[in-house]
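Enquirer:
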Amino acid sequence: MRKFINAATVACGLAVATGAVAQPSDSMSSNTPFVSEGVARETLARPPHSKTIASTSQPLIAMTGFLARADSTPLSQRGRDPNNLVGRDGKPIDDPAANPSAIALESDPNISFEKWGEYWRKVHGVRFTFADEPSDKTLDVLARYDQIHRIPAGPTMANSPPYLAPADAQGKLYPGVIGHIPEYKRPRWDGIAYLNFHSADNIGTLFGDKFKNKILPEDQALFRQVAPVLSRQFIRIASKDSRDPIVLVYTHTRRPDLTRDQFQKDWLGRHLNVVMAQPSTKTLVSRYVQLQNIGGREPGQPFYAEATSAIDGITLMYFRSMNDAEDYVMSDGFKAMSADLERIADKTRSDYWTALDYVVVNRIGKEKVSQGSSK
12 MRKFINAATV
22 ACGLAVATGA
32 VAQPSDSMSS
42 NTPFVSEGVA
52 RETLARPPHS
62 KTIASTSQPL
72 IAMTGFLARA
82 DSTPLSQRGR
92 DPNNLVGRDG
102 KPIDDPAANP
112 SAIALESDPN
122 ISFEKWGEYW
132 RKVHGVRFTF
142 ADEPSDKTLD
152 VLARYDQIHR
162 IPAGPTMANS
172 PPYLAPADAQ
182 GKLYPGVIGH
192 IPEYKRPRWD
202 GIAYLNFHSA
212 DNIGTLFGDK
222 FKNKILPEDQ
232 ALFRQVAPVL
242 SRQFIRIASK
252 DSRDPIVLVY
262 THTRRPDLTR
272 DQFQKDWLGR
282 HLNVVMAQPS
292 TKTLVSRYVQ
302 LQNIGGREPG
312 QPFYAEATSA
322 IDGITLMYFR
332 SMNDAEDYVM
342 SDGFKAMSAD
352 LERIADKTRS
362 DYWTALDYVV
372 VNRIGKEKVS
382 QGSSK
């Protein structure tokens with residue numbers, strides 16, 4: 012259990028909890044062009060490239076790091092961790108909106124979103140799983156690691172199908188779109204780092220010296236904000252092969268008249284029964300997970316982050332295609348799910364959005380439905 016407590020100062024408080032500041036390196040130097048003397052090839056730690064272990068019906072521990080990319084959004088519109096969003100000198104930028112070209116990750120704001128997505132998967136994913144030394148076995152404690160990249164064109168709470176195009180009073184399309192372009196309402200988060208462990212004690216092992224020395228400085232350049240939620244994971248519909256590409260991320264915040272324990276008891280029981288009873292859940296959802304927040308509830312407690320402290324539970328619903336995700340959001344089953352959530356959740360403080368799922372590490376064999384509920 013001590014490893015679990017110590018991990019809180021390293022793992023998912025990340026830069027906030029450690030107070031560490033990225034030091035300038037060759038990759039961040041303001042005047043040094045991109046140079047590579049070699050390559051670190053990705054470790055393919057997922058089927059069919061690596062062995063798996065038997066799955067379990069006991070709930071695993073999940074750590075979800077909610078991520079906001081390093082960009083030039085004004086600080087008044089989007090938060091940032093004190094030591095994140097660094098310039099090419101490795102130091103935090105005072106005002107990213109005033110000087111977007113100073114951002115270390117990408118100086119051109121026109122391609123920053125694409126650059127962030129590509130780097131997170133193709134470079135950060137490799138660095139996170141790469142072992143500099145053959146003796147480094149820290150990755151062995153990680154049961155699963157997914158990168159969940161938000162897709163702007165997917166369903167969101169602010170704009171879900173059936174979609175609407177602006178039209179005139181007679182219901183006819185305007186000849187042009189100038190003056191009729193709907194406002195884009197961006198969700199708070201750009202993605203989630205979704206990690207599974209068999210025990211909370213394994214977290215401290217994974218986030219050891221390599222993380223502090225090589226991954227944390229990179230995170231400070233890649234993300235403007237990282238906020239954790241430590242959860243107990245309940246698999247309600249098990250994936251057939253863990254290759255479900257589309258995921259609907261739904262964060263739940265309880266009604267103010269309920270305690271977290273009251274919300275979770277209902278959500279993991281009565282509400283679950285409502286969702287599972289829907290025909291569209293059976294036909295369209297390929298994986299269904301409930302993540303029960305068990306992290307710190309107050310500042311100073313392990314795995315507490317102010318930005319995600321109001322989240323009481325997280326629903327992850329996976330689909331085989333974006334069409335399935337859209338059809339589910341339009342279904343009577345989703346309407347029933349949403350109506351039932353209004354009994355226990357504050358809709359104004361909850362949110363959902365759609366993402367593309369990349370399984371980077373998976374050591375779990377064919378997964379099983381979880382036994383039990385909240386304990």
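Residue numbers (the numbering used here): 12 to 386. The beta-carbon is built from N, C-alpha and C at its ideal position, and this holds for glycine as well. All values reported here derive from a predicted model rather than from experimental measurement.
I need the boundaries of the alpha helix (DSSP H) containing F274, first residue and last residue.
Expert: Looking up residue 274 in the sequence shown gives position 263. Looking at the DSSP string, the run of the alpha helix (DSSP H) that includes F274 is R271 to D277.
Enquirer: Let's see if you can read the secondary structure: which residues bound the alpha helix (DSSP H) around Y390?
Expert: Not covered by the structure: residue 390. The range shown for the chain is 12 to 386.
Enquirer: Give the single residue among D343, D220, A180 and I162 whose Cα lies nearest to the Cα of L150.
Expert: Position 139 of the sequence shown holds residue 150. Measuring from the Cα of L150, the nearest candidate turns out to be D220.
Enquirer: Can you list, in chain order, the residues of its chain with a C-beta nearer than 6 Å to that of I72? Leave out the 5 residues immediately preceding and following it.
Expert: Within the sequence shown, residue 72 is the residue found at index 61, counting from 1. Answer for I72: F208 and A211, listed in chain order.
Enquirer: Which residues in the same chain have their Cβ closer than 6 Å to the Cβ of D143, if we skip the five residues on either side of it in sequence?
Expert: Residue numbering aside, residue 143 sits at position 132 when the sequence shown is read from its first letter. For D143, where only same-chain residues beyond five positions count, there are no Cβ hits under 6 Å.
Enquirer: Less than 7 Å between C-beta atoms, sequence neighbours within five positions excluded: which residues of the same chain meet that for M173?
Expert: For the purposes of this step, residue 173 is identified with residue 162 of the sequence shown, where counting begins at 1. In the sequence as presented, Met is not what sits at residue 173; that position holds Pro. Within the same chain, P173 has close Cβ partners M341.
Enquirer: Can you tell me which residues form a DSSP beta bridge with F222?
Expert: Taking the sequence shown and counting its residues from 1, one reaches residue 222 at position 211. For F222, which the question treats as bridged, DSSP gives no partner whatsoever.
Enquirer: If L116 sits next to A232, beta carbons under 8 Å apart, how far is it from one beta carbon to the other, in whole angstroms?
Expert: Against the sequence shown, residue 116 aligns to sequence position 105. Against the sequence shown, residue 232 aligns to sequence position 221. With a Cβ gap of about 5 Å, L116 and A232 count as contacting.
Enquirer: Less than 6 Å between C-beta atoms, sequence neighbours within five positions excluded: which residues of the same chain meet that for T75?
Expert: Looking up residue 75 in the sequence shown gives position 64. Result list for T75: I203, Y205 and V240, in chain order.
Enquirer: Can you tell me which of the three DSSP states M287 falls into?
Expert: Here the question's residue 287 lines up with position 276 in the sequence shown. In the structure shown, M287 sits in a helix (DSSP, three-state: H, G or I).
Enquirer: Smallest Cα separation from E378: which of P111, I246, V260 and D343?
Expert: One-based indexing of the sequence shown puts residue 378 at position 367. With distances taken between Cα atoms, E378 lies closest to I246.
Enquirer: Beta carbon of T264, beta carbon of S361: below 8 Å?
Expert: On the sequence shown, residue 264 is found 253 positions in, with the first residue counted as 1. On the sequence shown, residue 361 is found 350 positions in, with the first residue counted as 1. Against a cut-off of 8 Å, the Cβ pair of S361 and T264 comes out as a contact.
Enquirer: Among all the DSSP beta bridges, which residues are the ones paired with W364?
Expert: By one-based count along the sequence shown, residue 364 stands at place 353. DSSP, once it has assigned bridges, lists V260 as partnering W364.
Enquirer: Should A79 and D230 be called a contact, given that it needs their Cβ atoms to be closer than 8 Å?
Expert: As a first step, residue 79 is located in the sequence shown; it is residue number 68 there, counting from the start. As a first step, residue 230 is located in the sequence shown; it is residue number 219 there, counting from the start. Not in contact: A79 and D230 (Cβ atoms no closer than 8 Å).
Enquirer: Comparing C-alpha positions only, which one of Y195, A176 and R197 sits nearest to G187?
Expert: As a first step, residue 187 is located in the sequence shown; it is residue number 176 there, counting from the start. Among Y195, A176 and R197, the Cα nearest to that of G187 is on A176.
Enquirer: For M74, list the residues DSSP reports as bridge partners.
Expert: The count along the sequence shown starts at 1 and reaches residue 74 at position 63. Its beta-bridge partners are L206 and L241.
Enquirer: By the DSSP assignment, the alpha helix (DSSP H) with T63 in it spans what residues?
Expert: What you label residue 63 is simply residue 52 of the sequence shown in a count that begins at 1. First-last for T63: undefined, no H or E at that position.
Enquirer: Pick helix, strand or coil for F141, following the three-state DSSP scheme.
Expert: Along the sequence shown, one-based indexing puts residue 141 at 130. Three-state result, F141: coil.
Enquirer: What span of residues does the beta strand (DSSP E) with F330 cover, start to end?
Expert: Numbered from 1 along the sequence shown, position 319 holds the residue referred to as residue 330. Where F330 is concerned, the enclosing beta strand (DSSP E) stretches over G324 to F330.
Enquirer: Need the endpoints of the alpha helix (DSSP H) that N213 sits in, please.
Expert: Here residue 213 refers to the residue found at position 202 when the sequence shown is read from its first residue. Counting along the chain, the alpha helix (DSSP H) containing N213 begins and ends at D212 to L217.
Enquirer: Are the segment 329-344 and the segment 253-268 touching by the rule of at least three beta carbon pairs closer than 8 Å?
Expert: The segment 329-344 vs the segment 253-268: in contact.
Enquirer: Is it buried or exposed, N284, if we count other Cβ atoms within 10 angstroms and call 16 or more buried?
Expert: Counting from 1 along the sequence shown, the entry for residue 284 is found at position 273. Exposed: under 16 other Cβ atoms inside 10 Å.
Enquirer: DSSP on S36, reduced to helix/strand/coil?
Expert: Reading the sequence shown from its first residue, position 25 is the one you call residue 36. Unreliable placement is indicated for S36, whose pLDDT of 44 sits below 50; the coordinate value is still reported in the next sentence. Residue state, collapsed to three classes: coil.
Enquirer: Give a yes or no on contact between the segment 362-374 and the segment 128-139, applying the rule of three or more CB pairs nearer than 8 Å.
Expert: The segment 362-374, when compared against the segment 128-139, does touch it at the 8 Å Cβ threshold.
Enquirer: On the premise that F330 lies in contact with L295, defined as a C-beta separation below 8 Å, what is that separation, rounded to the nearest angstrom?
Expert: The residue you call residue 295 lines up with position 284 of the sequence shown. The residue you call residue 330 lines up with position 319 of the sequence shown. That pair is a contact at about 6 Å.
Enquirer: On a CA-only basis, which of G98, T84 and D343 is nearest N121? Give me that one, please.
Expert: As a position in the sequence shown, residue 121 is number 110, starting the count at 1. The candidate whose alpha carbon is nearest that of N121 is T84.
Enquirer: Enumerate in chain order the residues of its own chain whose CB-to-CB distance from R235 is below 6 Å, with the five nearest sequence positions on each side excluded.
Expert: For the purposes of this step, residue 235 is identified with residue 224 of the sequence shown, where counting begins at 1. The answer, listed in chain order, is A79, A81, R91, N95 and L96.
Enquirer: If we ignore side chains and look at the alpha-carbon of each, how far apart do V380 and Q275 end up?
Expert: As a position in the sequence shown, residue 380 is number 369, starting the count at 1. As a position in the sequence shown, residue 275 is number 264, starting the count at 1. Roughly 19 Å between the two C-alpha positions.
Enquirer: Counting C-beta neighbours from all protein chains within 10 Å, is the total for H282 16 or more, i.e. buried, or is it exposed?
Expert: Here residue 282 corresponds to residue number 271 of the sequence shown, with the count starting at 1. The residue is buried, with at least 16 neighbouring Cβ atoms inside 10 Å.
Enquirer: Which residue's Cα is closest to the Cα of Q244: P267, G306 and K223?
Expert: Within the sequence shown, the letter at position 233 stands for residue 244. Of the candidates P267, G306 and K223, the one whose C-alpha sits nearest the C-alpha of Q244 is G306.
Enquirer: Y315 and R308: beta carbons closer than 8 Å?
Expert: In the sequence shown, counting from the first residue as 1, residue 315 sits at position 304. In the sequence shown, counting from the first residue as 1, residue 308 sits at position 297. Taking 8 Å as the Cβ cut-off, Y315 and R308 qualify as a contacting pair.
Enquirer: Taking the alpha-carbon of I355 as reference, which of Q382, R271 and Q303 has the nearest alpha-carbon?
Expert: Taking the sequence shown and counting its residues from 1, one reaches residue 355 at position 344. For I355, the nearest C-alpha among the options comes from R271.
Enquirer: Could you name each continuous beta strand (DSSP E) segment of 3 residues or more that falls completely within the segment 140-190, going from the start of the chain to the end?
Expert: DSSP runs (the beta strand (DSSP E)) wholly in the segment 140-190: 155-161.
Enquirer: For A65, does the count of other Cβ atoms within 10 angstroms reach 16, so buried, or fall short, so exposed?
Expert: Working through the sequence shown from its first residue, we reach residue 65 at position 54. It counts as exposed.
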